[in-house]
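If you read the sequence shown in the working numbering, its first letter stands for residue 2, the second for the next number, and so on. Glycine included, every Cβ here is placed at the ideal spot set by N, Cα and C. These figures come from a predicted structure and were not determined experimentally. A short worksheet on the structure shown next.
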Amino acid sequence: MHTIRKRTIFLGGFILLALIALPVTLFYSQKEVSTKSNAEKTVDLSYQSSVSSTNSTVQIPAGSTFSLDVYVDPGANSVSLVKLDMTYDPTKFQLAGGFIPNQSVFPQVVEGPISSNGSITATLSIGSNLANAITAKTKVGTLTLKALDNDSSSTATISFGSDSQALSISNNSSYNENVIANTTPVTIQINKPQTSCGTSPGDTMLVMDTSGSMSDQQGSSGTKISNAITAADNFITLVSGQANNRIGLVNFATTAALNSPLTSSFSTVTSQVNALKANGNTCVQCGIDQATQEITKDKRAGVKNAIILLTDGLANTVEGSSKQVGTTTAEQAALTAAANAYKTNGTIFYTIGLGQDVDSAFLTKLAQSTGGQYYFSPTTDQLNTVYSQISQIIEGGSISGTIFSDLTGNGIFDPSDPGIPGVLIQLTQSGSSTLIQSISSSSDGTYSFQNVCNGTYTLSQTLPSGWLQTLPASGNNLSLTMTNGNAVTNENFGDKEITPTPTPTPTPTLVPTATPMPTAVPQPSPSASPSAGTNLSLNVLLHDIGHNGDNVNPTAYSYSNQTPLHPTPNAFAELFDTNNNFIGTASGTITYNDTTGNFIGNVYLNKIITPGNYTVYVGSDYHLVRRIPTIQNLAANKINQMPQIALIAGDVNNDNKLNILDYNLIMFGGCYNDFGPSAAPLVSPTTAPISSTPVSSPAALSIAPSILPSLSQPTTAPSSVPMITPTSCTSQLKTATDLNDDGLVNSDDYNVFLREISVQSGD
Numbered sequence: 002m003h004t005i006r007k008r009t010i011f012l013g014g015f016i017l018l019a020l021i022a023l024p025v026t027l028f029y030s031q032k033e034v035s036t037k038s039n040a041e042k043t044v045d046l047s048y049q050s051s052v053s054s055t056n057s058t059v060q061i062p063a064g065s066t067f068s069l070d071v072y073v074d075p076g077a078n079s080v081s082l083v084k085l086d087m088t089y090d091p092t093k094f095q096l097a098g099g100f101i102p103n104q105s106v107f108p109q110v111v112e113g114p115i116s117s118n119g120s121i122t123a124t125l126s127i128g129s130n131l132a133n134a135i136t137a138k139t140k141v142g143t144l145t146l147k148a149l150d151n152d153s154s155s156t157a158t159i160s161f162g163s164d165s166q167a168l169s170i171s172n173n174s175s176y177n178e179n180v181i182a183n184t185t186p187v188t189i190q191i192n193k194p195q196t197s198c199g200t201s202p203g204d205t206m207l208v209m210d211t212s213g214s215m216s217d218q219q220g221s222s223g224t225k226i227s228n229a230i231t232a233a234d235n236f237i238t239l240v241s242g243q244a245n246n247r248i249g250l251v252n253f254a255t256t257a258a259l260n261s262p263l264t265s266s267f268s269t270v271t272s273q274v275n276a277l278k279a280n281g282n283t284c285v286q287c288g289i290d291q292a293t294q295e296i297t298k299d300k301r302a303g304v305k306n307a308i309i310l311l312t313d314g315l316a317n318t319v320e321g322s323s324k325q326v327g328t329t330t331a332e333q334a335a336l337t338a339a340a341n342a343y344k345t346n347g348t349i350f351y352t353i354g355l356g357q358d359v360d361s362a363f364l365t366k367l368a369q370s371t372g373g374q375y376y377f378s379p380t381t382d383q384l385n386t387v388y389s390q391i392s393q394i395i396e397g398g399s400i401s402g403t404i405f406s407d408l409t410g411n412g413i414f415d416p417s418d419p420g421i422p423g424v425l426i427q428l429t430q431s432g433s434s435t436l437i438q439s440i441s442s443s444s445d446g447t448y449s450f451q452n453v454c455n456g457t458y459t460l461s462q463t464l465p466s467g468w469l470q471t472l473p474a475s476g477n478n479l480s481l482t483m484t485n486g487n488a489v490t491n492e493n494f495g496d497k498e499i500t501p502t503p504t505p506t507p508t509p510t511l512v513p514t515a516t517p518m519p520t521a522v523p524q525p526s527p528s529a530s531p532s533a534g535t536n537l538s539l540n541v542l543l544h545d546i547g548h549n550g551d552n553v554n555p556t557a558y559s560y561s562n563q564t565p566l567h568p569t570p571n572a573f574a575e576l577f578d579t580n581n582n583f584i585g586t587a588s589g590t591i592t593y594n595d596t597t598g599n600f601i602g603n604v605y606l607n608k609i610i611t612p613g614n615y616t617v618y619v620g621s622d623y624h625l626v627r628r629i630p631t632i633q634n635l636a637a638n639k640i641n642q643m644p645q646i647a648l649i650a651g652d653v654n655n656d657n658k659l660n661i662l663d664y665n666l667i668m669f670g671g672c673y674n675d676f677g678p679s680a681a682p683l684v685s686p687t688t689a690p691i692s693s694t695p696v697s698s699p700a701a702l703s704i705a706p707s708i709l710p711s712l713s714q715p716t717t718a719p720s721s722v723p724m725i726t727p728t729s730c731t732s733q734l735k736t737a738t739d740l741n742d743d744g745l746v747n748s749d750d751y752n753v754f755l756r757e758i759s760v761q762s763g764d
């Protein structure tokens, strides 16, 4: 029962564990033991847009995607960790790429980004190197949103929520003190665009998935196929407003069928849509090829051709075979079919992914490669809205391309050149500075402007810092003309990263093991006569043993180990006089009392002290040193009774600190027998820095050599800090990492450490 209760806490410790790796910025500290004064709150969080603005209000076209850079200005503080709680009106905006942290400044993503309805949160840290603390205004990351196309123009604010926090390592700040003084929101003016700007009619093929899974329910009511039929019917009604438009219908499952050729008899197409049934596999290629054949056979000059493809699952069949194939094979066949359709007829694809089983990356690539757009519908409840949005932009033109990393600098988009995400592209009316739309490149570097009216335009990018534009030539923009609502593709920008002049890296040197600090646990002294010096009688509670709990529940001990494997541990007491001068260390052992659940014993100082008042610190193996709260009046040549004191467990290496050093030894020292090191979350045994203290400080490596036989040489990692590597479990290491002294190193000890970490160092 003891083990089961504690293992229930295991998962709850995952997030806190991430913070253990960041001891200098422990975010969820439950108790502050520092005597520092309160820090001055000087930190400001703000948004900054790359889009042109007027009177501090950012103008955004409805339906467009835009990015906001998030900045932290530390003021007088040195910021080590920020938690961003970014809030927006979900009826006005939706996430379109989310939040991308600036990991060159905040390399440790502690938590998130986590999105919910109207908010996205992320916790970022500078890591263990204190020299990287933020002391000037710095970009934290980039938030990318889409302005929703609602009924009319509107204004909305994007702000920071009350959960936003910043921690500082300034001399006057505490580990868990929020030093934010101000947060600055941004106001967005969403401008309603034209709902239709095409100058010519269009031919549209509806290509609908009728595989067996479409008979499942995916929404508040009805099946996928029934709700898809309703949404398609509504789309036909919207498009029928212009008599010169034509609609056709293809359904696909294991094979594809032409249900209705292109026609302006909209009621005929509606009746064919209503007759659809679900059964079979998913051959996306079949549906595309069937629709392309109809467009090719009956296409009209000067008319825009479009395919609206809806599917609820993964492609698994190819044309000419009823047997299922791998998804990769089936998707590649569909992509090739779409490319041929665009090359032959200029057909633009609008794809709809219905439900959670679709491959959004595939459907996005299929659409954007032809100048179209992908829409995700989590359930059938959103289908009407999706088809309505497509009806509003289908007569408009589109512009798409890729922002790519020009690895060779040759100004050519080579197949090996990767895309660059998060680059802002702006579309303006040629001959003026009027902003039409702005958008950020997606994770693969692609972008797509939709609903672009006929006219002449200029495309420009906001060049990322540290990059040089190679396509078009540096400083130049792209110009293009839209006619007949056509799709313009491959409007690409090439950028080459500028390699900075390398700074010589100092050759790392091995930091010698430091001389033990005064608080290090001394070896027991030989027995001596009480009359020859000073004796202290200690009454000690050790966390998670006997009648003692831990930092979270110090008085709850029902689950503590009542039968410790080592009932007589070493103990010591340090004495300081009223002027804080160190007098000496009394050492000895204490013995467990299984009735009272505490440890009692005498420690001896081979020195006759002057009777009077003293400050007394008490410690034991693998526990933090604690000060007895009250001043003690001590006499020489007699046994002095000390008040009871509780000691915090987890100081595996006896350096009077709880940090990543101790965690690594518990999880990766070779003694942990509940789960292997690979199961330990968030902290790697070979990459996690072992201390928050710079290696130039000898205290950073104040570790008992016999406990750390595998401490490696310093590496060339950015932190230049020695790393802990897994080692064989020695008897001494097992004793050190067995925090509750039950003979096992397992999740009990792991959870004890998580609850103890709220105090990071001894007195």
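Tell me whether residue i sits in a helix, a strand or coil according to DSSP, three-state version.
i, result
"residue 106", "coil"
"residue 148", "strand"
"residue 617", "strand"
"residue 751", "helix"
"residue 301", "coil"
"residue 732", "helix"
"residue 394", "helix"
"residue 600", "strand"
"residue 348", "coil"
"residue 385", "helix"
"residue 213", "helix"
"residue 168", "strand"
"residue 643", "coil"
"residue 226", "helix"
"residue 716", "Residue placement at residue 716 is poorly supported in this model, since its pLDDT is 30, which falls under 50; the coordinates still yield a value, given next. In this structure, residue 716 counts as coil in the three-state DSSP scheme."
"residue 414", "coil"
"residue 498", "strand"
"residue 237", "helix"
Measure the C-alpha to C-alpha separation of residue i and residue j and round it to an integer number of angstroms.
i, j, result
"residue 264", "residue 282", "28 Å"
"residue 454", "residue 144", "28 Å"
"residue 237", "residue 246", "10 Å"
"residue 588", "residue 574", "6 Å"
"residue 644", "residue 99", "56 Å"
"residue 518", "residue 78", "Residue placement at residue 518 cannot be trusted, given a pLDDT of 34 that sits under 50; the coordinates are not used to answer."
"residue 352", "residue 225", "16 Å"
"residue 328", "residue 318", "8 Å"
"residue 257", "residue 749", "59 Å"
"residue 432", "residue 277", "50 Å"
"residue 41", "residue 661", "29 Å"
"residue 46", "residue 372", "37 Å"
"residue 761", "residue 222", "54 Å"
"residue 395", "residue 354", "18 Å"
"residue 109", "residue 142", "13 Å"
"residue 687", "residue 670", "Residue placement at residue 687 cannot be trusted, given a pLDDT of 31 that sits under 50; what the coordinates show is reported in the next sentence. Looking at the two C-alpha atoms, the distance is approximately 12 Å."
"residue 570", "residue 119", "55 Å"
"residue 67", "residue 115", "19 Å"
"residue 757", "residue 751", "10 Å"
"residue 499", "residue 243", "52 Å"
"residue 474", "residue 412", "8 Å"
Across which residues does DSSP place residue i in a beta bridge pair?
i, result
"residue 41", "For residue 41, which the question treats as bridged, DSSP gives no partner whatsoever."
"residue 661", "None; residue 661 has no bridge partner."
"residue 585", "576"
"residue 354", "312 and 377"
"residue 628", "618"
"residue 112", "124"
Below 8 Å on the Cβ atoms is my contact criterion, and I expect residue i with residue j to pass it. Report the Cβ-Cβ distance as a whole number of Å.
i, j, result
"residue 251", "residue 288", "6 Å"
"residue 169", "residue 80", "6 Å"
"residue 146", "residue 63", "Contact flag wrong, Cβ pair sits at about 12 Å."
"residue 405", "residue 493", "6 Å"
Please report whether the beta-carbon of residue i lies at a distance below 8 Å from any beta-carbon of chain D.
i, result
"residue 664", "Annotation note: the requested chain D is absent from the structure, which comprises a single protein chain."
| Complete runs of the alpha helix (DSSP H) confined to the region 241-299 [at least 4 residues] | 267-275 and 285-299
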